[in-house]
Amino acid sequence: MSVIPSYHYLIKYSSEIMTKSPRSRSGLSKQIVKNLSEALKINQIKQITHQPEWAHVYLETDKPADSVILNTPGIHGYHKVKVISSSAPDEIISFAQSMFSPRIQNKTFAVRVRNRLPESRKKEISRRNLEKEIGSLLFPASNGVNLSSPDITCYIEIRKNQTFFYTDKETVKGIGGFPVGASGKSLVLFSGGIDSPVATFLTLKMGIAPRFVYFDLGSKKQLQNVTLTLDKLHKTFFPFQKTYLYILNGTPVLQALQNIPEKFQNLGLKYFFYKISERLAFHNKLHALVTGEAFGQVSTQSFQNLVTLDQITQIPVFRPLLFMQKTEIIQTANRINTFHLSYTGVENCAVAQKHVVINSTPEKLKTALQNINPEKVIQQTLDTIKVYNIKKNEHLSLLSTSKSFSGFDKIIYLSKNENDQLANMENIDFREAWNDFFGWDKTKKYLLVCETGAKSRLLAQFMKENGFQAEGVGKSEYSSVFV
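So, in structure tokens, the structure goes:
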């Protein structure tokens, strides 16, 4: 007898899978094994062997594979097992005593033997006799036997030329759910904040393969957070899956929104996000949109506004966080290790700051948009699309987007709020600047600053179109360069 020195796992499929019909269960379990095998290969962990069975799979690897197994959707949990190269009763009894004795000290226990020998050999070993013999040897070190509710259960599985040993106290709980790719494809409206990574994780957990769309409203900091959180999610939970990040320039939308009532601008922004994403999803044969929206977090997520947004789309919109409290969302973000990477600055979707509509209807929204051509705005935005293959790490190029600003004649902060006063710059209200810049000196070079970079970038673009030299940045980007 020898103890096999590699790493051994007995992996159990999720309870959702075990309730399916035999045909569905077989297909889902094969998908889990395929996903797990590819994830191990990507993480440079060699599979020595894997043996799929009806309710679980036995895996042997050359390196620890705990984190890969733990983060693969569709797995209920796993046991870390010790394996000996023997199925002889005397060697089983000897190893069981040496392994389990330290673990049952001062505890009640039970011994459970599973005879998985081929039918022709099953009668060679009496399961009950083994349980009794091993139990009698362990008894002196314990607080006694308890077959109905023990403190610890010692498991032994006898197989052809091998025997597995593990306890229920060394069971590690997995994600559960379904294997990624088993339930369809979706487009996640991804902002890089706290919510959208959690919504993505819950989508993955249900077996839905995601792609991602990000509307760039000018915040370099937010773009960095999008890149980092997406990279973390992909490498942790679905590195085997080909997926894409679509980045769209939000300037055409922001520019159009200046022509609608201010109280509808935030909802109007969401309207365009939904309609553009819907077009993108249909073009790429994706089945649904996924958002990180939850009731009441911001004005556009009021009950009636969400109802309105649902009525203006022809594609299903899934909102995994809809009934979650913010504390629950943060707990999940911490559990999946995205919270520290998430963007926590001012919400870029908040184009209007006060007196915004919270009880809209499709009819009211349509009226608010009557002075613009939505189809033209949608197409202009789609024309700006950039596509990044995440599996090929193309998105990581976005991390080197730092920009040098020098030689500006005038620095303007687009707010007159006393709390927004910054040194060495002039404060002008955004709408005032939007209407009056035509009278400014075209020989000067302007740096425009706002809280997020969205309004400053929009105005800078508008100024360039009219012959001015201008750049727009967010407050945090300005501070990192000039302060």
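First residue of the sequence shown? That's 1158 in our numbering, and the numbers climb one at a time after it.
Ideal placement from N, C-alpha and C gives every residue a C-beta, glycine not left out.
These numbers come from a predicted model, not from an experiment.
Residue environment, residue i, which counts as buried when at least 16 other CB atoms sit within 10 Å
i: residue 1354; result: buried
i: residue 1205; result: exposed
i: residue 1595; result: exposed
i: residue 1413; result: buried
i: residue 1622; result: exposed
i: residue 1593; result: exposed
i: residue 1642; result: Outside the displayed span of the chain (1158 to 1640) sits residue 1642, for which this structure offers no information.
i: residue 1449; result: buried
i: residue 1362; result: buried
i: residue 1296; result: exposed
i: residue 1356; result: buried
i: residue 1375; result: buried
i: residue 1542; result: exposed
i: residue 1556; result: exposed
i: residue 1439; result: exposed
i: residue 1172; result: exposed
i: residue 1349; result: buried
i: residue 1379; result: buried
N-terminal and C-terminal residue of the alpha helix (DSSP H) that residue i is part of
i: residue 1588; result: 1587-1593
i: residue 1370; result: No alpha helix (DSSP H) holds residue 1370; the beta strand (DSSP E) holding it covers 1366-1373.
i: residue 1292; result: 1284-1295
i: residue 1444; result: No alpha helix (DSSP H) holds residue 1444; DSSP gives it neither H nor E.
i: residue 1462; result: 1460-1468
i: residue 1172; result: 1172-1175
i: residue 1248; result: 1246-1257
i: residue 1492; result: 1483-1492
i: residue 1184; result: 1179-1199
Those residues which DSSP pairs with residue i across a bridge
i: residue 1208; result: 1215
i: residue 1234; result: 1169, 1330
i: residue 1404; result: 1371, 1543
i: residue 1582; result: Paired residues: none, contrary to the question.
i: residue 1626; result: 1602
i: residue 1343; result: 1367, 1445
i: residue 1568; result: 1604
i: residue 1596; result: Answer is none; residue 1596 lacks a bridge partner.
Supposed close pair residue i, residue j - CB separation, criterion 8 Å
i: residue 1432; j: residue 1631; result: With a Cβ gap of about 26 Å, residue 1432 and residue 1631 do not count as contacting.
i: residue 1254; j: residue 1294; result: 5 Å
i: residue 1218; j: residue 1164; result: 5 Å
i: residue 1343; j: residue 1460; result: Not quite, the Cβ-Cβ distance comes to about 23 Å (not below 8 Å), so this is no contact.
i: residue 1382; j: residue 1500; result: 4 Å
i: residue 1290; j: residue 1250; result: 6 Å
i: residue 1166; j: residue 1236; result: 7 Å
i: residue 1310; j: residue 1269; result: 6 Å
Residues near residue i by beta carbon distance below 6 Å, same chain, minus five either side
i: residue 1400; result: 1368, 1547
i: residue 1359; result: 1477
i: residue 1159; result: 1242
i: residue 1411; result: 1615
i: residue 1405; result: 1372, 1538, 1541, 1542
i: residue 1612; result: 1571, 1587
i: residue 1267; result: 1304, 1307, 1310
i: residue 1651; result: Residue 1651 lies beyond the residue range present for the chain, which begins at 1158 and ends at 1640; the question has no answer from this structure.
i: residue 1444; result: 1341, 1342
Own chain partners of residue i with C-beta closer than 7 Å, once the 5 adjacent residues on each side are dropped
i: residue 1602; result: 1564, 1565, 1566, 1626
i: residue 1227; result: 1329, 1331
i: residue 1336; result: 1185, 1188, 1189, 1192, 1230, 1231, 1364
i: residue 1514; result: 1420, 1421, 1424
i: residue 1258; result: 1295, 1298
i: residue 1389; result: 1494, 1495, 1498
8 Å Cβ shell around residue i - same chain, five flanking residues per side excluded
i: residue 1591; result: 1415, 1616, 1619
i: residue 1522; result: 1421, 1424, 1425, 1428, 1465, 1469
i: residue 1316; result: 1244, 1273, 1274
i: residue 1318; result: 1242, 1243, 1244
Run of the beta strand (DSSP E) containing residue i, from where it starts to where it stops
i: residue 1271; result: 1266-1272
i: residue 1553; result: First-last for residue 1553: undefined, no H or E at that position.
i: residue 1573; result: From DSSP, residue 1573 is part of no beta strand (DSSP E); its letter is neither H nor E.
i: residue 1321; result: 1319-1324
i: residue 1316; result: 1309-1316
i: residue 1225; result: Per DSSP, residue 1225 belongs to no beta strand (DSSP E); it is in the alpha helix (DSSP H), 1223-1227.
i: residue 1239; result: 1239-1241
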